[in-house]
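Undergrad:
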Amino acid sequence: MKADLDHVKVELTVVLGQTQMPIYKLLRMGRGAIIELNATETDEVQILANNHPFAKGNVVVSGTKISVEITEMLKRPTVYSVEAIAQAA
Numbered sequence: 154m155k156a157d158l159d160h161v162k163v164e165l166t167v168v169l170g171q172t173q174m175p176i177y178k179l180l181r182m183g184r185g186a187i188i189e190l191n192a193t194e195t196d197e198v199q200i201l202a203n204n205h206p207f208a209k210g211n212v213v214v215s216g217t218k219i220s221v222e223i224t225e226m227l228k229r230p231t232v233y234s235v236e237a238i239a240q241a242a
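Numbering (our numbering), first residue to last: 154 to 242.
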């Protein structure tokens, strides 16, 4: 069973911050454009697995490498099946 999990691909995303802007500004952006985010370098980042939040962390810069240190694992949401809900009623 574990060998099967070794081949599962997971897309990881680290959210450093967010911003909102009008579409016309986005369309005018070119290479080298700077987008200001609502975060600072010391703010916690959100870590997503396949677009689902699963952890929080901090950005760590070591020389030319940037990484993320996980500081908190998030609880998984409880998923109820239709059968479980019917049985509980």
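The beta-carbon is built from N, C-alpha and C at its ideal position, and this holds for glycine as well.
Cutting at 6 angstroms between CB atoms, please list the residues of its own chain near residue 226, excluding the five before and the five after it.
TA: Taking the first residue of the sequence shown as position 1, residue 226 is located at position 73. Taken in chain order, the residues that qualify are 208.
Undergrad: How would you write the range of the beta strand (DSSP E) that residue 165 sits in, first residue to last?
TA: Position 12 of the sequence shown, counting from 1, holds the residue named residue 165. Its beta strand (DSSP E) spans residues 165–168.
Undergrad: What three-state label does DSSP hand residue 190 in the structure shown?
TA: The residue labelled residue 190 in the question sits at position 37 within the sequence shown. Coil.
Undergrad: Do residue 210 and residue 194 have their C-beta atoms closer together than 8 angstroms?
TA: Translated into positions along the sequence shown, residue 210 becomes position 57. Translated into positions along the sequence shown, residue 194 becomes position 41. The answer is no: Cβ separation not under 8 angstroms.
Undergrad: Would a C-beta distance cut-off of 8 angstroms place residue 192 and residue 169 closer than the cut-off?
TA: As a first step, residue 192 must be located in the sequence shown, where it is residue number 39. As a first step, residue 169 must be located in the sequence shown, where it is residue number 16. Yes. Within cutoff.
Undergrad: Using a threshold of 8 angstroms, state whether the C-beta atoms of residue 203 and residue 163 are closer than that.
TA: Position 50 of the sequence shown, counting from 1, holds the residue named residue 203. Position 10 of the sequence shown, counting from 1, holds the residue named residue 163. Yes. Within cutoff.
Undergrad: Return the CA-CA distance between residue 224 and residue 201, expressed in angstroms with no decimal places.
TA: One-based indexing of the sequence shown puts residue 224 at position 71. One-based indexing of the sequence shown puts residue 201 at position 48. Approximately 14 angstroms, taken between the alpha carbons.
Undergrad: DSSP has residue 210 in a bridge; who is on the other side?
TA: The residue you call residue 210 lines up with position 57 of the sequence shown. Beta-bridge pairing links residue 210 to 198, 223.
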